[in-house]
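**Q** Those protein sequence lines, which keep their order, are chains C and V. Each residue of the first sequence is one higher than the one before, starting from 1 at the first, in the numbering used here. Each residue of the second sequence is one higher than the one before, starting from 1 at the first, in the numbering used here. Here's a structure for you.
There are 2 protein chains.
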Amino acid sequence: MPQKLTTMQRPVPSDLAISQSAQTLPIVSIAEEAGLYADELEVYGMHKAKVRLSARDRLVDAPNGHYVVITAITPTPLGEGKTTTTVGLSQAIGAHLGKKVFTCIRQPSQGPTFGIKGGAAGGGYSQIIPMEEFNLHLTGDIHAITAANNLLAAAIDARVHHESYQSDAKLFERLCPADSKGKRSFSPVMLRRLAKLGITVTDPDALTEDEISRFVRLDIDPQRITWRRVLDTNDRYLRGITIGRGANEKFERETGFDITVASEIMAILALARDAADMRDRFGRMVVAASRNGTPVTADDLGVSGALAVLMKDAIMPNLMQTLEGTPAFVHAGPFANIAHGNSSIVADEIALKLVGSDGYVLTESGFGADIGMEKFFDIKCRTSGLVPDCVVLVATIRALKMHGGGPKVVAGSSLAREYTAENLDLLEAGAVNLRKHVENAASFGVPVVVAVNRFPTDTDAEVELVRRLAQEAGALDAVTSDHWANGGAGAVDLGRAVIAACEQPSDFRYLYPLEMTIKEKIETIAKRMYGAAGVEYSSEAEEQIDRYTRSGFDRLPICMAKTHLSLSHDPDLKGAPTGFIVPVREVRASVGAGFLYPLLGTMSTMPGLPTRPAFYDVDLDPETGRVVGLF
Amino acid sequence: MPQKLTTMQRPVPSDLAISQSAQTLPIVSIAEEAGLYADELEVYGMHKAKVRLSARDRLVDAPNGHYVVITAITPTPLGEGKTTTTVGLSQAIGAHLGKKVFTCIRQPSQGPTFGIKGGAAGGGYSQIIPMEEFNLHLTGDIHAITAANNLLAAAIDARVHHESYQSDAKLFERLCPADSKGKRSFSPVMLRRLAKLGITVTDPDALTEDEISRFVRLDIDPQRITWRRVLDTNDRYLRGITIGRGANEKFERETGFDITVASEIMAILALARDAADMRDRFGRMVVAASRNGTPVTADDLGVSGALAVLMKDAIMPNLMQTLEGTPAFVHAGPFANIAHGNSSIVADEIALKLVGSDGYVLTESGFGADIGMEKFFDIKCRTSGLVPDCVVLVATIRALKMHGGGPKVVAGSSLAREYTAENLDLLEAGAVNLRKHVENAASFGVPVVVAVNRFPTDTDAEVELVRRLAQEAGALDAVTSDHWANGGAGAVDLGRAVIAACEQPSDFRYLYPLEMTIKEKIETIAKRMYGAAGVEYSSEAEEQIDRYTRSGFDRLPICMAKTHLSLSHDPDLKGAPTGFIVPVREVRASVGAGFLYPLLGTMSTMPGLPTRPAFYDVDLDPETGRVVGLF
């Protein structure tokens, strides 16, 4: 039975202090309580375990639990406590309302932990613990992605290098060397390339000269390599770099590094059904174009099997626990921007089987509902086939006031008085943002519960106003929650509302069918989710759309890359703007992950460090050896 | 009791096939058998565990076991089976001769695993298992180094960036912001910088304007940043790069990536006594010079505590097992070239306590005895204070014939007939190399046992000749071993010889005292270990030696960076050359690790991928999900 692992103190201590004071349970106990068998675990220390996908196989005939997605209104730059709400709500349902529950959240990037942001394990008395393990290496999944992503990158440049000075015959000799008996053979990954080329011969010695040439020469255009390298570090000086400046290289080219969570490999980890599906998706990733425009894939480079080997442990979800001893999966964390921003399908699937028909799986989607929730429904649920039962939409009085015209909210600066004193006018004006998100969520046919994440300065009148407006907008219920200060006990009302909502019939439907054209899909999202009047395309985007359509990529879902700070493409448009035209600068393809992503602005894919990075406070306590200064 | 975990087959299958067919024991059983308590373990899955340093504390008063270092003659590019011998000898001593034993080896870089080299877990029936876990992520130590190394790199460029446009006052405001009560404070790491500057004030508001300026402005010269970024990937196009080419950066500069194991952080991991010592060493690392020539350290950048936090798990040695169920520590793997090439001190220390006075710890040093063994004695043993009892010098008939004038040995090409048929003349001529290494080893006052790692093509007459010549050169014994084909059973004679050697008195002494000048130390190593007639210094090296001497770094030991393919600095000089002059191109300082490293040639610190990288064979078996194609 879940239990409170810490004693509450006032004022609420730092997240790290709370986490470190908790009587964490052995992860094997959490696993056993969750219904996992010992041979389904790969334990990593006392407080983390990987869970084998065989648990899902074992439970294939068991009924799924209720599937709840946690999302938010358009946030301020400070964030509105979505993870904290997800965790607090889990604690309420599991430790206070006696239901089986599972929290499914994303693994955070380590980069921002040392940069400007601090930890991402929830906060206050609603946390995943131990928070330092959550925020640091965890079980190494992101490191595995870094390794896989960069092996692929190295393979691309090395291939261009080696093709540049060798004849077709020499390349063939190297790629398919004769063994001691003079016999040549293809490795299995080579057969994938041959199949793609329409060459059915499996004996290397039977290839014609033309077939040899087509097989060995990828003829990658160095100017059309789209695959970038990654690091899980905020390193802005790597955003744009020139490589190949060593003394013995054959070419130089411009490229750069992204933060690891922006890698397509991360997006694939979150969407893959199992190791075999993951491996196939890796193979399909398009990383470059040849000089004649042919897309070049990881399979063409012969590296897709090695990527799968590097990622074979990463596909197992990571089991941790909340402060009240309920189980949590922390697994995958694709960028909510250029990717779909949702934790893994496999974690949700295992969790749904484990909690069973009377249980609840709470899964968090990134950014606001216009981004993370829409992608949850149209990409993640479409890929998994899972049907959601309830949307929890997190709102704060602070963010609503901002949407009503309140002063700009800036991270690191103190809040204006509008945000700390009662102001019903600003709040009512800003509720248009909440209304739009409630309507959006409801349009998917799923019941919506609004969670007002209450801050100490919020007044009863303010909270009451939000509740009324939310229900007027179509929310099934709207409930205040103060889980940050009070843990699960603070979210019991919210828990009851969510349980009630899950009893409602869900009439889930996607926003668009895949059969629509690329432009129809983009316009459906822009108009119906964002409130846009229309979409305009750059000539580059037009050309890309044509090309993807010809290549058959037009049946993929759309993963819009846009700011999370507005319902529109313009971060300065607060509230619920209308009448704007969404500009599509560029459309890129993540063929392995299985989506196209239109860019509606300049998306930074590599954060930087501020003048005083968060790492200034981080250290090991010389007395105890424990981590200090992580927030 | 250790036991055979696999049944031997003929012909000997691939390393991976042997490893995967083994009945691996649970790592908790290996740990218990080794004398570890459950609360001293952090288990990572079934077959790996980290061991807390508290085990060493618990056993502080226990006697140490016998300490045996495994090294080799000057190898061919194929390597002469040093790791395989280390493992096979362990299996003999532990599983056949009934002694407590521990194998301590380095964690291999993942880069070469996918490049040209394949695995590094030993081979045949003398392996650390599971070999795919050994060769891939293990428990993430190398990934942690990548993360730490690159956080420091990002911190350097970000600091230059932020100093470039802000006044001293503004920087101070950012670095020591006032809290809500208007109070400023220094973080602990800032106090380290203040102490270095001789500023004793601990209240930020009490600093003079001049002190503020000295405190906040590192004034790093972008052209004198020596810290490079790292990846655990063979990526030659990153050897030389231009960074800062993004649209919004303040400067560009030339730099590059090394392979992760070349990071000074790896060298420190291998030498640190505990987390606190590691943290202090991180803080001392010199990463750049200011415009006026002042060395800039990780402490100055405020990042050393965060590096220690990233590395806090990495300092715990990783426990694995051999094919015959004896325990092995796999921990740290510094470059044997620009660093000292030995596994960690903490692993050896814990192992020596665990095996006790009647037990044996076998630790491997990198490259030939002129490099890895010399650094083992003069750097690793000097740092730890441990006294070695025996040197095992691995030799092969193949390498000795090469030293005697045999044809060039090239990786990937088939061996010339000289190496596969009896040729006593070549062998006898090449024995000069063996003799020099035996004499070198003996000069440290430690008994030497020569292990002839026997290949199937070696004849009895050849083996007998090597044995005789080795003993004439001063080896206590010289024993044939065929552990590759026969596991521990094949190394029983070698095991007996090592046990006997450990009964001999050891009169261990360093090659040079630290009080010698830098040049005296370099010349002692060059003349006495390599057989050089003298040393010549570039003007750059002269300048660096002067500078280090003025800075007080002249009391550090010397870590020569030279080719492993010759006793000299010239890879083409085989045998035991004399009369040559060693050129010192440059002398660099690893102040945190605690050594100076003279460069005797161009050392590649980032490997590349060949035309057909090893990754072409690596994949997941679609039926079983197991790794295939790792060699």
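All C-beta atoms, glycine included, are put in the ideal place defined by N, C-alpha and C.
#1: Answer yes or no: does any C-beta atom of chain V fall closer than 8 Å to that of Tyr165/C?
#2: Please classify Gly140/C as buried or exposed, where buried requires at least 16 neighbouring CB atoms within 10 angstroms.
#3: From what residue to what residue does the beta strand (DSSP E) around Asp232/C run?
#4: Beta-carbon separation of Ala451/C and Ser481/C under 8 Å?
#5: Skipping 5 residues on each side, what residues in its chain have a beta carbon closer than 7 Å to that of Ala589/C?
#6: Would you mind reading off the limits of the beta strand (DSSP E) that contains Phe329/V?
#7: With three or more C-beta pairs closer than 8 Å as the rule, is the region 389–406 of chain C touching the region 422–437 of chain C?
#8: For Gly182/C and chain V, any beta-carbon pair shorter than 8 Å?
#9: Is Ser551/V helix, strand or coil when you go by DSSP?
#10: Rounded to whole angstroms, how far is the Cβ of Phe186/C from the Cβ of Leu194/C, which I believe are closer than 8 Å?
#11: Counting pairs of beta carbons, one from the region 358–367 of chain C and one from the region 91–108 of chain C, are three or more of them closer than 8 Å?
#12: Would you report the Cα separation of Lys375/V and Ala38/V, rounded to the nearest angstrom?
#13: Mind pulling the alpha helix (DSSP H) runs of 4 or more residues that sit fully within the region 460–492 of chain C?
#14: Under 9 Å Cβ-Cβ, which residues of chain V neighbour Gln110/C?
#15: Counting Cβ pairs closer than 8 Å, one from the region 554–568 of chain C and one from the region 465–481 of chain C, do we hit at least three?
#16: Over the uninterrupted beta strand (DSSP E) stretch that includes Thr103/V, give me the two end residues.
#17: Confirm, please, whether the CB-CB distance from Gly404/V to Gly372/V is below 8 Å.
#18: What number of angstroms, rounded off, separates the C-alpha of Lys181/C from the C-alpha of Ser263/V?
#19: Whose Cβ in chain C lies nearer than 7 Å to the Cβ of Asp157/V?
#20: Check distances from the C-beta atoms of the region 40–61 of chain V to those of chain C and list, in chain order, the residues that come in under 8 Å.
#21: Would you please verify whether the beta carbon of Phe329/C is less than 8 Å from any beta carbon of chain V?
#22: Let me make sure I understand the geometry here. Which of Phe257/C, Thr103/C and Ser344/C has the alpha-carbon closest to that of Ala666/C?
#23: Would you mind telling me which residues of chain V sit closer than 7 Å to Ile241/C, beta carbon to beta carbon, in chain order?
#24: Pull up the CB-CB distance for Phe102/C and Phe329/C, whole angstroms please, since I reckon it's below 8 Å.
#25: Which residues in chain V have a C-beta closer than 8 Å to the C-beta of Phe615/C? List them in chain order.
#26: Taking Cβ positions, are Gly98/V and Trp484/V nearer each other than 8 Å?
#27: At a Cβ cut of 9 Å, what residues of the region 209–233 of chain V count as close to chain C, listed as they run along the chain?
#28: Measuring alpha carbon to alpha carbon, tell me which of Gly385/C, Thr86/C and Ile220/C ends up nearest Gly293/C.
#29: Can you grab the Cα-Cα spacing for the pair Leu78/V / Asn486/V, in whole Å?
#30: When burial is assigned at 16 or more other CB atoms within 10 Å of the CB, is Asn318/C buried or exposed?
#31: Is Ala298/C close to chain V, meaning its C-beta is less than 8 Å from at least one C-beta of that chain?
#32: Looking at the unbroken beta strand (DSSP E) that takes in Thr297/C, where does it start and where does it end?
#33: On the premise that Phe508/C lies in contact with Phe444/C, defined as a C-beta separation below 8 Å, what is that separation, rounded to the nearest angstrom?
#34: Ignoring anything shorter than 4 residues or poking outside the region 28–80 of chain C, list the alpha helix (DSSP H) runs there in chain order.
#35: Val627/C versus chain V: which residues are under 8 Å apart at the beta carbon?
#36: Please name the residue, chosen from Thr602/C, Thr297/C, Asn433/C and Ile345/C, that lies closest to Gly385/C on a Cα-to-Cα basis.
**A** Quick answer:
#1: To locate residue 165/C, count along the first sequence from 1; it is residue 165. No - not a single Cβ of chain V is within 8 Å of the one on Tyr165/C.
#2: Position 140 of the first sequence holds residue 140/C. Burial call: buried.
#3: Within the first sequence, numbered from 1, the residue matching residue 232/C stands at position 232. Asp232/C -> no beta strand (DSSP E), and no H or E assigned at all.
#4: Taking the first sequence and counting its residues from 1, the one referred to as residue 451/C is at position 451. Taking the first sequence and counting its residues from 1, the one referred to as residue 481/C is at position 481. Yes. Within cutoff.
#5: The count along the first sequence starts at 1 and reaches residue 589/C at position 589. Result list for Ala589/C: Val286, Tyr548, Phe553 and Leu596, in chain order.
#6: Indexing the second sequence from 1 puts residue 329/V at position 329. For Phe329/V, the uninterrupted beta strand (DSSP E) run begins and ends at Pro327 to Val330, by DSSP.
#7: yes
#8: Numbered from its first residue, the first sequence carries residue 182/C at position 182. No - not a single Cβ of chain V is within 8 Å of the one on Gly182/C.
#9: Here the question's residue 551/V lines up with position 551 in the second sequence. DSSP places Ser551/V in helix when its eight states are reduced to three.
#10: Numbered from its first residue, the first sequence carries residue 186/C at position 186. Numbered from its first residue, the first sequence carries residue 194/C at position 194. Contact between Phe186/C and Leu194/C holds: CB atoms are separated by about 7 Å, below the 8 Å threshold.
#11: yes
#12: For the purposes of this step, residue 375/V is taken as the residue at position 375 of the second sequence. For the purposes of this step, residue 38/V is taken as the residue at position 38 of the second sequence. Near 34 Å, if we compare the C-alpha coordinates of Ala38/V and Lys375/V.
#13: For the region 460–492 of chain C, whole alpha helix (DSSP H) runs of length 4 or above, ordered along the chain, are 460–473 and 483–486.
#14: Translated into the one-based positions of the first sequence, residue 110/C becomes position 110. Those within 9 Å of Gln110/C in chain V are Ala147, Leu151 and Leu310.
#15: The region 554–568 of chain C makes no contact with the region 465–481 of chain C, as fewer than three CB pairs between them are under 8 Å.
#16: As a first step, residue 103/V is located in the second sequence; it is residue number 103 there, counting from the start. First-last of the beta strand (DSSP E) with Thr103/V: Val101 to Ile105.
#17: Position 372 of the second sequence, counted from the start, is the residue given in the question as residue 372/V. Position 404 of the second sequence, counted from the start, is the residue given in the question as residue 404/V. Taking 8 Å as the Cβ cut-off, Gly372/V and Gly404/V do not qualify as a contacting pair.
#18: Position 181 of the first sequence holds residue 181/C. Position 263 of the second sequence holds residue 263/V. Answer to the nearest angstrom: the Cα atoms are 43 Å apart.
#19: Position 157 of the second sequence, counted from the first residue, corresponds to residue 157/V. What Asp157/V touches in chain C: Tyr237.
#20: Glu42, Val43, Tyr44, Gly45, Met46 and Lys50
#21: Translated into the one-based positions of the first sequence, residue 329/C becomes position 329. For Phe329/C, the answer is no, since every Cβ of chain V falls outside 8 Å of its Cβ.
#22: Residue 666/C lies beyond the stretch modelled for chain C, which goes from 1 to 631, so this question has no answer here.
#23: Counted from its first residue, the first sequence places residue 241/C at position 241. Per Cβ cutoff of 7 Å: Ile241, Thr242, Ile243 and Arg245.
#24: Looking up residue 102/C in the first sequence gives position 102. Looking up residue 329/C in the first sequence gives position 329. The pair is a contact, with the Cβ atoms about 7 Å apart (cut-off 8 Å).
#25: Taking the first residue of the first sequence as position 1, residue 615/C is located at position 615. By Cβ distance, chain V contributes Leu151, Ala155, Gly302, Val303, Gly305 and Ala306.
#26: Sequence index remark: in the second sequence, residue 98/V carries index 98 (1-based). Sequence index remark: in the second sequence, residue 484/V carries index 484 (1-based). No, the Cβ-Cβ distance between Gly98/V and Trp484/V is not below 8 Å.
#27: Arg229, Leu231, Asp232 and Thr233
#28: Taking the first residue of the first sequence as 1, we reach residue 293/C at position 293. For Gly293/C, the nearest C-alpha among the options comes from Ile220/C.
#29: Counting from one through the second sequence, the residue named residue 78/V turns up at place 78. Counting from one through the second sequence, the residue named residue 486/V turns up at place 486. Spanning the two alpha carbons is a distance of roughly 21 Å.
#30: For the purposes of this step, residue 318/C is taken as the residue at position 318 of the first sequence. So Asn318/C counts as buried.
#31: On the first sequence, residue 298/C is found 298 positions in, with the first residue counted as 1. Taking a beta-carbon distance threshold of 8 Å, Ala298/C does not count as an interface residue toward chain V.
#32: Against the first sequence, residue 297/C aligns to sequence position 297. Segment Pro295 to Thr297, the beta strand (DSSP E) holding Thr297/C.
#33: Position 444 of the first sequence, counted from the first residue, corresponds to residue 444/C. Position 508 of the first sequence, counted from the first residue, corresponds to residue 508/C. The pair is a contact, with the Cβ atoms about 6 Å apart (cut-off 8 Å).
#34: Every alpha helix (DSSP H) stretch that sits fully inside the region 28–80 of chain C and reaches 4 residues is listed by chain position as 54–58.
#35: Taking the first sequence and counting its residues from 1, the one referred to as residue 627/C is at position 627. Those within 8 Å of Val627/C in chain V are Val309 and Lys312.
#36: Here the question's residue 385/C lines up with position 385 in the first sequence. Ranking Thr602/C, Thr297/C, Asn433/C and Ile345/C by Cα distance to Gly385/C puts Ile345/C first.
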